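A.B. asks: Could you have a look at this structure, given as structure tokens, before my questions?
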Ligand code: NIG
Ligand code: FE
């Protein structure tokens, strides 16, 4: 008899793996876990014999099981909020105008610099809990509201503390090149030098899994982004960028040149950028929350991305300025409604493709040997997760083979 740590039966399984069946679905399925990994997944009738008296058994009665959701782009460690800026934008000011006048990212930087580790931890923990309650099991968190060594380090230390004390899996990204701090006004090159010096220091402390740059007119140029990427490459760290969000500078092609993980936002991406990403295996991370909240009108080049078979991921971009939405499920709906993704594409975007966007090969699909991260949902078809919002659909969440407590 085979030994399992726990078994789920009578499940509809959306494996999200490569399959000729939509969602990689398996009806009347079973899933078994051993040592935090999936040990069996397939039809009920092929489930190997196991000691049913000694093994916890969950009869999910036809519920759907999906891989744990992955939010591959967030800025969820920050203090303060920008409701005042929201009001200004409602009166006609643009995001760029507010940034140029010293508001925007700079105001969150001030609040975050002033906040203690404890305060940032508490704020971020509540955000993680909200994501977890929807079925999220892995979250990427960026620094970028510190913009000096001590404050960037503080943000990444809070991310490391969350990784230690919260059940969710955390990936830490250094986004020192997010905005120009006031101390470096008119000296972006000087600040980029500083960023390049911060990187090895932070990496040595185990605080950096990947490196991101805001490559944009109100951020940093392609040449400056290249400097940061070169240091990252020398340290063996993968790169990604906020690129082509407000204009087409060529940041995505630069990410591709470095065989980077992802180019994110990409509303203004052109065909040569799409081709470069396809060639390099760089993932396109779509952020419909920011598109919606900034009332952008330029759609990302979805048809081209499909044509070139660039994997599409969807993320919340949770941040106080452009996407104050602590919900990946809302992003699923927005990806379909605003970007016309199919529900299957959207769900791949928060599972298999989001895992690829983080360079994680051990999750995002349900298959033997993968991490046992999955959610059981009271739905009759996977598209329901994209279709409705605000109704609690998650019934059980398992991370690393362990059932987690969901807060109400
Ligand atoms: O992903 N584009 C730059 N960074 C964030 C916004 C950060 C902010 O406004 O606080 C984004 O949209
Ligand atoms: Fe972002």
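Residue numbers (this note's numbering): -15 to 392. Backbone N, C-alpha and C fix where the C-beta goes; we use that ideal spot for every residue, glycine too. Model, not experiment: these values are computed from the prediction.
#1: Could you tell me which whole alpha helix (DSSP H) segments of length 4 or greater appear in the region 311 to 338?
#2: When DSSP labels each residue in this structure, what does residue 396 get in the three-state scheme?
#3: When the Cα of residue 117 is compared with those of 320, 95, 354 and 361, which residue comes out closest?
#4: Tell me the DSSP secondary structure of residue -6 in three-state form.
#5: Just curious, the beta strand (DSSP E) that residue 249 is in, first and last residue?
#6: If I follow the unbroken alpha helix (DSSP H) through residue 272, where does it start and stop?
#7: Expressed to the nearest angstrom, what Euclidean distance is found between the alpha-carbon atoms of residue 168 and residue 174?
#8: Can you tell me which of 251, 292, 253 and 287 puts its alpha carbon nearest to the alpha carbon of residue 263?
#9: Alpha helix (DSSP H) containing residue 180: first to last residue?
#10: Mind checking residue 92: buried by the 16 CB within 10 Å criterion, or exposed?
#11: For the region 95 to 111 against the region 353 to 370, do three or more pairs of beta-carbon atoms, one drawn from each stretch, fall closer than 8 Å, so that the two count as touching?
#12: One question on the structure: do residue 24 and residue 16 come within less than 7 Å of each other, judged by their Cβ atoms?
#13: From 305, 324, 325 and 352, pick the residue whose C-alpha is nearest to that of residue 68; which is it?
#14: Counting only the same chain and skipping the five closest in sequence on each side, list residues whose C-beta sits under 7 Å from that of residue -3.
#15: Determine the direct distance from the alpha carbon of residue 208 to that of residue 177, and round the result to whole angstroms.
#16: Return the chain-ordered list of same chain residues with a C-beta closer than 6 Å to the C-beta of residue 114, the five sequence neighbours on each side being excluded.
#17: So for residue 66, helix, strand or coil by DSSP?
#18: Would you mind sorting residue 55 into buried or exposed? The rule is 16 or more other CB atoms within 10 Å of its CB.
#19: How do the region 150 to 158 and the region 71 to 90 stand: do at least 3 beta-carbon pairs fall below 8 Å, yes or no?
#20: Within a Cβ cutoff of 6 Å, which residues of the same chain sit near residue 244, ignoring the five residues on either side of it in sequence?
#21: Could you tell me the alpha carbon to alpha carbon distance between residue 145 and residue 108, rounded to whole angstroms?
#22: Could you compute how far the alpha carbon of residue 355 sits from the alpha carbon of residue -10?
#23: Nearest CA to the CA of residue 272: which residue from 322, 185 and 256?
#24: Within the continuous alpha helix (DSSP H) that includes residue 372, where are the two ends?
#25: For the ligand FE, any of its heavy atoms closer than 6 Å to the Cβ of residue 301?
#26: So residue 155 is in the beta strand (DSSP E); what residue range does that whole segment cover?
C.D. replies: So, from the listed chains and residues:
#1: 312 to 323 and 327 to 333
#2: With the chain running from -15 to 392 in the structure shown, residue 396 is simply not present.
#3: 361
#4: strand
#5: 246 to 249
#6: 272 to 277
#7: 7 Å
#8: 292
#9: 172 to 188
#10: buried
#11: no
#12: yes
#13: 305
#14: 9, 10, 13, 15, 25, 49 and 350
#15: 9 Å
#16: 310
#17: coil
#18: buried
#19: no
#20: 223, 224 and 266
#21: 11 Å
#22: 14 Å
#23: 322
#24: Neither: residue 372 is in no alpha helix (DSSP H) and is coded neither H nor E.
#25: yes
#26: 153 to 161
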